[in-house]
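Numbering (the numbering used here), first residue to last: 66 to 168. The C-beta atom is built at its ideal place from N, Cα and C for all residues, glycine as well. All figures in this text were calculated on a predicted structure; none of them were measured in a lab. Data block below; observations after.
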Ligand SMILES: [Zn+2]
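Okay, structure coming up:
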């Protein structure tokens with residue numbers, strides 16, 4: 066998986082192409098991610114008075130395939146690929162291949 070939770074990603078295909086959002090959940094087994102504001106679909110929910118939930122229609126994010134998103138670098142404001150680098154003290158960092166900034 067090339068993205069992690071809390072990464073910013075951009076959808077590269079589909080109706081949300083070009084939109085960016087934060088990764089809310091990663092589903093490695095299904096190779097899918099749930100991204101804030103992407104792949105919204107309307108969901109009908111029943112009122113649940115016990116949990117103080119109102120019924121109605123809410124918008125929920127649906128899972129999208131990781132191959133349909135690319136990491137979005139907030140430093141250089143473009144979608145990018147990620148590189149891995151091991152520092153001299155042994156810590157691993159991920160970096161943007163376009164601007165070389167660690168992410
Ligand atoms: Zn960058």
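At a threshold of 8 Å, residue 166 counts as near ligand 1, since its beta carbon sits closer than that to one of the ligand's heavy atoms. Spanning the alpha carbons of residue 157 and residue 129 requires a straight line of approximately 27 Å.
Taking the CA atoms as reference points, residue 110 sits about 5 Å from residue 121. Counting of Cβ neighbours within 10 angstroms places residue 145 among the buried residues, the total reaching 16 or more.
Annotation: the continuous beta strand (DSSP E) that includes residue 135 extends over 134–138.
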